[in-house]
Structure formats: C-alpha cells, structure tokens
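Have a look at the structure below before the remarks.
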Amino acid sequence: INADTLKDEL
Amino acid sequence: MNIFRLAGDMSHLLSVILLLLKIRTTKSCAGISLKTQELYVVVFLARYLNLFTRYYSFYNTVMKLVFIATSVCIVWYMRFHKVVKQTYNKDLDTFRHYVVIPPCFLLALLVHHEFTVMEVLWTFSLYLEAVAILPQLILLQRTRNIDNLTGNYIFLLGAYRALYLLNWIYRFFMEKAQARWISWISGLVQTALYADFFYYYIKSWKNNEKLKLPA
Numbered sequence: 695i696n697a698d699t700l701k702d703e704l
Numbered sequence: 061m062n063i064f065r066l067a068g069d070m071s072h073l074l075s076v077i078l079l080l081l082k083i084r085t086t087k088s089c090a091g092i093s094l095k096t097q098e099l100y101v102v103v104f105l106a107r108y109l110n111l112f113t114r115y116y117s118f119y120n121t122v123m124k125l126v127f128i129a130t131s132v133c134i135v136w137y138m139r140f141h142k143v144v145k146q147t148y149n150k151d152l153d154t155f156r157h158y159v160v161i162p163p164c165f166l167l168a169l170l171v172h173h174e175f176t177v178m179e180v181l182w183t184f185s186l187y188l189e190a191v192a193i194l195p196q197l198i199l200l201q202r203t204r205n206i207d208n209l210t211g212n213y214i215f216l217l218g219a220y221r222a223l224y225l226l227n228w229i230y231r232f233f234m235e236k237a238q239a240r241w242i243s244w245i246s247g248l249v250q251t252a253l254y255a256d257f258f259y260y261y262i263k264s265w266k267n268n269e270k271l272k273l274p275a
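In order, the protein sequence lines correspond to chains F and G.
Note that the first sequence covers residues 695 to 704 in our numbering.
Note that the second sequence covers residues 61 to 275 in our numbering.
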C-alpha cells in the first residue's frame, strides 16, 4: 500500500 | 473496505442524520454546541479539499459532500433559523473554540508527513477534529436535562471514532498498511476524550435511567 494509505478514509 | 470502517462511517452518517432530525422535527438545538459544529465545518473543509485533487471512489466523494453539506446546514440552523436559534444554549456554550485553531495549525506546520499545502491542511484537520468535541462535552456536562437524541448523537459520534481505531488495527495487520502515526495518535486522543461520556452513557443505559453527567 502506498504513502496515501488512510487518505481514502473520511 | 473492511467492516469496521464501514460501520464507523455509517455510525458517523447516522449521528449527523439524527442531529438534523432532532433539529428539524423538534425545532430545537438545545444541548448542541454550536462551537463544536463550527469546528466540524472547518475540519471537513480543510480535509476534503482533496475532493478536487484526487478521486478515490463514488462512495468516498458522496460521503465527503454529505459531511460538508450537513455540517454547514447544522450551523445554518443554529445560527439563522428563527425558531431553532432561540433554543441554542448560548450562555452555557462558552468554550472559546477559535483558540484551538491556531495551535492545531501550528502543530500541523511542525508535525506532518510532507510539507505541501494539501498535506498540512489534511494534518491540521486531523488535529482539529481530535479536539472539536470538547465544547460539546463541556456543554453536555452543564446541561441538566440531556435529551435522548443529544445523548445518542454523541454516542454515535464516539462510536465512529472507536470503530475507526479498530479499522486501523485491521488495516495494519490485514492489508499490511504502513504505520500512520499522525492519524493514529490524533484518532486515539479523539476517542479517549469520549471515554468519560461512554462510561456514563452505558451506565445510564444499563440502569434504564436518564443520562446525567456529574457536575
């Protein structure tokens, strides 16, 4: 999983 | 998306629906902190700027729009609706919420993953969200008669945070997601703030009594 992990969360 | 994350989002969504329902049907916002609601508007606007820069999913986009729209709507009701605004406990809602904004922003400038506008704003929103519930918890403590809707609203909001913690644990182990200390610690702090409330909420529920916080 890339560095943007958790960025898909709200 | 795992079950904890989905349950967390649904709990968050439900909390907002419940609050709007309370305001619209009872024409009252008694017990609700305008300060907290205003902080949420700032949180969502700062965090969901990535709405314009990156597409994740239809679900993600819709939820972001819903949270921005509903938070603005709630503030509008509390400030401008001619009946609702008269029920606002202005004298009890005294937490000076604007004082938490600069420290959160400063912290985001100092502690972040990447020094870009979007990343700093994202981080700022995490720090601000962690403390945004404080005015509401303080108001709650000062409210003599906490109505069920208000109690349930805060419970759902806290449940959302607790479920997100489980979601992170799940993602860390199951998706081999890398550690995200900023999100985790601010999320942990945020959830911890609800601990006291949870204790009294569950106690009153078990004893079938009305929710009352000790002064």
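Every residue gets a Cβ at the ideal spot worked out from N, C-alpha and C, and that includes glycine.
No experiment lies behind these values; they were computed from the predicted model shown.
Can you give me the Cβ contacts of residue i inside the same chain, cut-off strictly under 6 Å, excluding the 5 residues immediately before and after it?
i: Y213 (chain G); result: S75, L78, L79
i: V160 (chain G); result: V191
i: S264 (chain G); result: L271
i: T203 (chain G); result: G91
i: N205 (chain G); result: none
Between residue i and chain B, is the shortest Cβ-Cβ distance under 8 Å, so that the two count as touching?
i: R221 (chain G); result: No chain B appears in this structure, whose protein chains are F and G.
Which value, in whole angstroms, describes the spacing of the CA atoms of residue i and residue j?
i: A67 (chain G); j: L216 (chain G); result: 11 Å
i: F232 (chain G); j: L700 (chain F); result: 10 Å
i: S93 (chain G); j: C164 (chain G); result: 20 Å
i: Y187 (chain G); j: A168 (chain G); result: 7 Å
i: M61 (chain G); j: T113 (chain G); result: 21 Å
i: V102 (chain G); j: V132 (chain G); result: 10 Å
i: D207 (chain G); j: Y224 (chain G); result: 26 Å
i: K145 (chain G); j: I83 (chain G); result: 10 Å
i: K87 (chain G); j: V143 (chain G); result: 7 Å
i: T284 (chain G); j: L209 (chain G); result: Nothing can be reported for residue 284 (chain G), as the shown portion of chain G is limited to 61 through 275.
i: H172 (chain G); j: N267 (chain G); result: 45 Å
i: D151 (chain G); j: Y115 (chain G); result: 43 Å
i: T121 (chain G); j: D702 (chain F); result: 10 Å
i: F184 (chain G); j: S246 (chain G); result: 10 Å
i: I695 (chain F); j: K236 (chain G); result: Bear in mind that a pLDDT of 40 at I695 (chain F), under 50, signals an unreliable position, so the model cannot answer this.
i: D153 (chain G); j: F118 (chain G); result: 37 Å
i: Y100 (chain G); j: I262 (chain G); result: 25 Å
i: L73 (chain G); j: L704 (chain F); result: 11 Å
i: L181 (chain G); j: Q238 (chain G); result: 21 Å
i: L248 (chain G); j: E269 (chain G); result: 29 Å
Just to confirm, are residue i and residue j a CB contact at a threshold of 8 Å?
i: N149 (chain G); j: G91 (chain G); result: yes
i: Q196 (chain G); j: T96 (chain G); result: yes
i: F140 (chain G); j: I198 (chain G); result: no
i: E98 (chain G); j: V126 (chain G); result: no
i: L111 (chain G); j: I193 (chain G); result: no
i: F175 (chain G); j: G218 (chain G); result: no
i: Q250 (chain G); j: E179 (chain G); result: no
i: Y137 (chain G); j: C89 (chain G); result: yes
Please go through the same chain and pick out, in chain order, the residues whose beta-carbon is closer than 7 Å to the beta-carbon of residue i, but skip the five residues on each side of it.
i: L273 (chain G); result: L200, Q201, Y260
i: I128 (chain G); result: F104, L105, Y108
i: Y230 (chain G); result: N62, F64
If I measure Cβ to Cβ from residue i and keep anything under 8 Å in the same chain, skipping five residues before and after, which residues do I get?
i: A255 (chain G); result: none
i: D69 (chain G); result: M123, Y220
i: N227 (chain G); result: N62, F64, R65, G68
i: L81 (chain G); result: L209
i: M234 (chain G); result: N62
i: S243 (chain G); result: L186, W228
i: T147 (chain G); result: K87, S88, C89, A90
Quick check on the DSSP output: what are the complete alpha helix (DSSP H) runs of length 4 or more inside the region 80–132 of chain G, in order along the chain?
Those alpha helix (DSSP H) runs which fall completely within the region 80–132 of chain G and span 4+ residues are 94–107.
Could you pull out every unbroken beta strand (DSSP E) segment of at least 3 residues lying fully inside the region 194–236 of chain G, listed in chain order?
none
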